[in-house]
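J.:
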Amino acid sequence: MGKTIAIANQKGGVGKTTTSINLSACLAAKGKKILVIDTDPQGNTTSGFGIDKNNLDTTIYELILGECSISDCIIKKVLENISVVPSNVNLAAAEIELIGIDKKEYILKREVDYIKEEYDFIIIDCPPSLNMLTINAMTTADSVLVPIQCEYYALEGLSQLIHTINLVKERLNPDLDMEGVLFTMFDSRTNLSMQVVENVKQNLNQKIYNTLIPRNIKLAEAPSHGKPINLYDGKSAGAEAYMLLADEVISNV
0 MGKTIAIANQ KGGVGKTTTS INLSACLAAK GKKILVIDTD PQGNTTSGFG IDKNNLDTTI
60 YELILGECSI SDCIIKKVLE NISVVPSNVN LAAAEIELIG IDKKEYILKR EVDYIKEEYD
120 FIIIDCPPSL NMLTINAMTT ADSVLVPIQC EYYALEGLSQ LIHTINLVKE RLNPDLDMEG
180 VLFTMFDSRT NLSMQVVENV KQNLNQKIYN TLIPRNIKLA EAPSHGKPIN LYDGKSAGAE
240 AYMLLADEVI SNV
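The sequence shown begins at 0 in numbering that gives the first Met the number 0 and counts up by one.
1) Within the segment 76-153, note down every full beta strand (DSSP E) run reaching 3 residues or more, in order along the chain.
2) Would you grab the beta carbon distance between Pro85 and Asp37 for me? Rounded to a whole angstrom, and I think it's under 8 Å.
3) Which one or two residues does DSSP pair with Thr3 in a beta bridge?
4) Which residues in the same chain have their Cβ closer than 6 Å to the Cβ of Thr88, if we skip the five residues on either side of it in sequence?
5) Where Pro146 and Lys75 are concerned, what is the direct C-alpha to C-alpha distance, given to the nearest angstrom?
6) According to DSSP, Val35 sits in a beta bridge with which residue or residues?
7) Under a Cβ-count criterion, where at least 16 other Cβ atoms within 10 Å of its own Cβ denotes burial, should Gln194 be classed as buried or exposed?
8) Helix, strand or coil: how does DSSP classify Val252 here?
9) Excluding the 5 residues preceding and the 5 following Asn43 in the sequence, name in chain order all residues of the same chain whose CB lies nearer than 6 Å to its CB.
10) Are the segment 124-139 and the segment 4-21 in contact at 8 Å, needing three or more beta carbon pairs?
11) My guess is that Val83 and Val35 are in contact by the Cβ rule of under 8 Å, so how many angstroms apart are they, rounded?
12) Are the CB atoms of Leu78 and Met131 nearer to each other than 7 Å?
13) How many Å lie between Arg109 and Ile212 at the Cα?
14) Could I get the ranges of all uninterrupted beta strand (DSSP E) runs contained in the segment 184-236, with 3 residues as the minimum, in chain order?
15) Going straight from the alpha carbon of Met13 to that of Ala219, what length do you get?
16) Just grab the DSSP bridge partners of Ile74 for me.
17) Going by the beta-carbon positions, is the gap between Gln9 and Ser128 smaller than 7 Å?
18) How big is the Cα-Cα spacing for Glu94 and Ile81?
19) By the DSSP assignment, the alpha helix (DSSP H) with Cys67 in it spans what residues?
20) Do Ile122 and Ser19 count as a contact pair if the criterion is CB distance below 7 Å?
21) Could you pull the start and end residues of the alpha helix (DSSP H) that Glu169 belongs to?
22) Spatial neighbours of Ile106 within its chain, please: C-beta separation below 7 Å, excluding the five flanking residues on both sides.
23) Out of Asn209, Cys72, Glu150 and Thr58, which one is the CA nearest neighbour of Glu247?
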């Protein structure tokens with residue numbers, strides 16, 4: 000049975016999309032069958048796989064509104080072992096359109112349950128807010144992976160996110176676990192990055208990944224080419240880090 004991981008943090012710019020794309024690609028490179036679900040209206044995960052997000056008939060927006068099934072909007076074999084449920088700016092209206100809909104927290108889960116057995120991992124990229132789309136991702140997921148930037152304000156907002164995860168676990172999805180905290184944009188040349196890692200380890204009673212995702216120019220360039228890092232530059236520090244993260248995620252199963 001496949002494992003579903005939501006990648007969430009209500010702060011923007013912490014590496015959610017980068018992690019969604021590159022963790023998925025590195026898991027796929029290790030022979031795992033992956034479905035990536037983009038629940039962010041910005042659609043950056045969609046375009047990061049080279050998909051034209053502005054030229055799609057069926058996306059997660061139509062899925063959420065019940066206008067199509069999940070099978071209708073999966074783009075199969077975007078890369079070897081990777082399929083994608085795409086997103087675009089239309090999804091921004093979903094929150095308003097779901098007002099008054101019964102059991103709206105479980106819309107995505109009901110659809111994913113139909114196809115979950117077909118994949119080894121389902122990776123859900125969440126929007127940078129704690130809204131109904133994020134709640135849908137968390138009711139669907141088995142666990143939540145939280146990327147945090149190695150900067151002074153790393154812990155700010157993290158307690159709120161963990162509180163939200165615990166609320167979802169308590170009220171909506173008793174099987175939800177904390178997959179772990181992932182440090183991104185780590186710069187080994189600065190004392191600050193080291194201090195942030197130590198600070199979080201001391202103050203957070205959560206699993207923390209051993210892998211540190213470095214600040215890496217190749218990681219920043221890859222999305223503009225519509226490729227994950229292991230295909231854009233497989234020898235870069237970023238590619239090596241995400242390969243190590245994929246090993247850790249596989250060993251957690």
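For every residue, glycine included, the Cβ atom is placed at its ideal position computed from N, Cα and C.
T.: Quick look at the numbers:
1) Entirely contained in the segment 76-153, the beta strand (DSSP E) runs reaching 3 residues are, in chain order, 81-84, 120-124 and 142-148.
2) Pro85 to Asp37, Cβ: 6 Å. Contact.
3) In the DSSP output, where bridge partners are listed per residue, Thr3 has Ile121.
4) Note that residue 88 corresponds to Val in the displayed sequence, not to Thr. Beyond the five residues adjoining it in sequence on each side, Val88 comes within less than 6 Å, by CB distance, of Pro40 in the same chain, given in chain order.
5) If you draw a straight line from the Cα of Pro146 to the Cα of Lys75, it comes to about 27 Å.
6) The partner list for Val35 (beta bridge, DSSP) reads Val83 and Ile122.
7) Around the CB of Gln194, fewer than 16 other CB atoms lie within 10 Å, so the residue is classed as exposed.
8) In the structure shown, Val252 sits in coil (DSSP, three-state: anything other than H, G, I, E or B).
9) Same-chain partners within the cutoff: Thr16.
10) Yes: at least three Cβ pairs fall under 8 Å.
11) So it is a contact: roughly 5 Å between Cβ atoms.
12) No, the pair does not count as a contact, with Cβ atoms beyond the cut-off.
13) Cα to Cα, the separation comes out at about 33 Å.
14) Counting only runs of 3 or more, we get 207-213.
15) Reading the sequence as shown, one finds Val at residue 13 and not Met. The alpha-carbon separation between Val13 and Ala219 amounts to approximately 13 Å.
16) Ile74 pairs with Val83.
17) Against a cut-off of 7 Å, the Cβ pair of Ser128 and Gln9 comes out as a contact.
18) Looking at the two C-alpha atoms, the distance is approximately 28 Å.
19) Taken as a continuous stretch (DSSP letters only), Cys67 belongs to no alpha helix (DSSP H), as it is neither H nor E.
20) Cβ distance < 7 Å, so Ser19 and Ile122 count as in contact.
21) Counting along the chain, Glu169 sits inside the alpha helix (DSSP H) bounded by residues Leu157 to Arg170.
22) These residues qualify, in order along the chain: Ile63 and Asn135.
23) Closest option to Glu247, Cα to Cα, is Asn209.
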